[in-house]
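For reference, the structure discussed in these notes is given below.
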């Protein structure tokens, strides 16, 4: 009896870890001497983050703090999609940072094509915002995982439901 093995390629992050990273960022902004009086706000919604501050210089400092806090919590920095810096009321600046979640169809096709061309005994099928990879050999699946880990994609990839 020939059984097949599979895993899913997904792009997701731990929401609670992001909430904690944003909370730590806000705390550090309130206590740092160079950011204390800038009236900087970091607002988290389901779609993304909105940062409002008094200059692009302080915006860069907030980015650095946010990235450090996210990295400490094992969040990939690829989840942040930085939007354009806009001028808000007065001399303040505002930036919206979208959160990347899921694999978009174009990227899923690109990954699927890579798997089909490099691994002849492995099949990949797109299922919504995930990619299901199946093969008769676990070794083939391990090779695919190693290859995808080595590739640089604009979203962080995780491998789940390994059976």
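In UniProt numbering, the protein residues as written are 1 to 163.
Just so you know, even glycine gets a beta-carbon here, dropped at the ideal spot from N, CA and C.
N-terminal and C-terminal residue of the beta strand (DSSP E) that residue 6 is part of: Boundaries of the beta strand (DSSP E) around residue 6: 5-10.
Residue 7 and residue 141 closer than 8 Å at C-beta: Using a Cβ distance threshold of 8 Å, residue 7 and residue 141 count as a contacting pair.
From 155, 30, 71, residue whose alpha carbon lies closest to that of residue 21: The option with the nearest alpha carbon to residue 21 is 71.
Candidates 55, 69, 9: closest to residue 23 by CA position: Selected option, being the one with the closest Cα: 69.
Secondary structure, alpha helix (DSSP H): runs of 4+ residues fully inside the segment 74-129: Listed in chain order, the complete alpha helix (DSSP H) runs (minimum 4 residues) inside the segment 74-129 are 105-118.
Where the alpha helix (DSSP H) containing residue 159 begins and where it ends: Run containing residue 159: none in the alpha helix (DSSP H); it sits in the beta strand (DSSP E), 158-160.
Check whether residue 59 and residue 50 have beta carbons under 8 Å apart: In this structure, the beta-carbon distance from residue 59 to residue 50 does not fall below 8 Å.
Continuous alpha helix (DSSP H) stretch holding residue 148: start and end: Unbroken alpha helix (DSSP H) run through residue 148: 138-150.
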